[in-house]
Amino acid sequence: MNPERIALITDSTCDLPLSLLAEKEITMVPLSVSWEDAEFLDNVELSTDQFYARLAAAEDLPTTSAPPVGLFLEAFEKLRSQGFTHVLGLFLTRKFSGTVQSAQTAAKMISGLTLEMLDSRSASWGQGLLVLHAHQLIQSGLPFDEITAQVQVRCRASLVAFSLGKLDALQRGGRIGKASAFLGNAFGIRPILALPGDTGEIEVAGKVRSSQATIQALLLQAQKHVGLQGLVQGVTVLHGARPDMAATLLAAFQNSGDNWKNLSIGRIGAVIGTHVGPDVWGIALC
Numbered sequence: 000m001n002p003e004r005i006a007l008i009t010d011s012t013c014d015l016p017l018s019l020l021a022e023k024e025i026t027m028v029p030l031s032v033s034w035e036d037a038e039f040l041d042n043v044e045l046s047t048d049q050f051y052a053r054l055a056a057a058e059d060l061p062t063t064s065a066p067p068v069g070l071f072l073e074a075f076e077k078l079r080s081q082g083f084t085h086v087l088g089l090f091l092t093r094k095f096s097g098t099v100q101s102a103q104t105a106a107k108m109i110s111g112l113t114l115e116m117l118d119s120r121s122a123s124w125g126q127g128l129l130v131l132h133a134h135q136l137i138q139s140g141l142p143f144d145e146i147t148a149q150v151q152v153r154c155r156a157s158l159v160a161f162s163l164g165k166l167d168a169l170q171r172g173g174r175i176g177k178a179s180a181f182l183g184n185a186f187g188i189r190p191i192l193a194l195p196g197d198t199g200e201i202e203v204a205g206k207v208r209s210s211q212a213t214i215q216a217l218l219l220q221a222q223k224h225v226g227l228q229g230l231v232q233g234v235t236v237l238h239g240a241r242p243d244m245a246a247t248l249l250a251a252f253q254n255s256g257d258n259w260k261n262l263s264i265g266r267i268g269a270v271i272g273t274h275v276g277p278d279v280w281g282i283a284l285c
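The sequence shown begins at 0 in numbering that gives the first Met the number 0 and counts up by one.
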């Protein structure tokens, strides 16, 4: 029997439902979403439904920020008081946020625990699936060092790929110009973006002009990725506020003839949704 008592910690951008996190006893530290003069803890004081409803009516985009070191210290101290000896953390890619750096700083400030705070090299349900994979490894009774090594390997083998739908959110956030957004919307050009774990950075995976072409491109991305990296946790079809496209994409995967593991639908939460907008839909694989 493994004498190590291992806790798992992540941040709110994993987009796993609070009920699932509670069921599996996974600690979640929230990022913050600031709108005008109000600040909300992501998925604690501002639900995903509330976020997208407010986003639809807002003129300005909110801003997001990483958790302060103090929040991580509080979480670590609580886990230590509960008798845990080891803590494994998986956080939003450092290319998007300073969250993992805050966790690593806090880890250096506490004694009585063995801690590994990892960059998931992913986001949203890509990160969430990695967290669920880590939970399975912990439940299997493997030693902490072996779990950490296996999770690090899997982080580099994850994939998130998605379509942005309308480009308004990127334009409003200053990520593309008004002309690019207008031309993209007017001519129906939709970029397909990918976040592969081997780089942890967003890249353009293709450009299409229809929803059906997007579905086929995402399916092809998944097939190629699984052929190279395999699949240990499953496939999540993700979306911001497009349940219609998520259902259509899920059906395409179900009818593809491939033996996909653990197909499900998940929502993209407020922090990632701030940067990609409500029309985003795509896939996460781990």
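Each residue gets a CB set at the ideal place from its N, CA and C atoms; glycine is no exception.
Predicted, not measured: the structure shown is a model, and the values here were computed from it.
- The alpha-carbon of GLU202 is positioned some 21 Å away from that of LEU248.
- For ARG153 against CYS285, the beta-carbon gap comes to about 6 Å, under 8 Å, which counts as contact.
- Distance check between GLU24 and each of GLN81, ASP59, LEU45, SER33 places GLN81 closest, using alpha-carbon atoms only.
- VAL32 is a Cβ neighbour of VAL270, given a cutoff of 9 Å.
- Residue LEU158 holds the alpha-carbon nearest to the alpha-carbon of LEU192 among VAL225, LEU158, LEU136.
- Between LEU141 and THR98, the C-beta gap is not smaller than 9 Å, which leaves the two residues out of contact.
- Under the DSSP definition of a beta bridge, TRP280 partners with SER162, HIS238.
- Of all alpha-carbon atoms in THR113, TRP280, GLY276, ASP10, the one lying nearest the alpha-carbon of ALA55 is that of GLY276.
- In the DSSP annotation of this structure, the continuous segment of the alpha helix (DSSP H) that includes ILE271 starts and ends at 269-275.
- Rounded to whole angstroms, the gap between the alpha carbons of LYS94 and LEU87 is 20 Å.
- DSSP places TRP34 within a strand segment (E or B) once states are collapsed to three.
- Per the DSSP secondary-structure output, VAL28 pairs in a beta bridge with ASP10.
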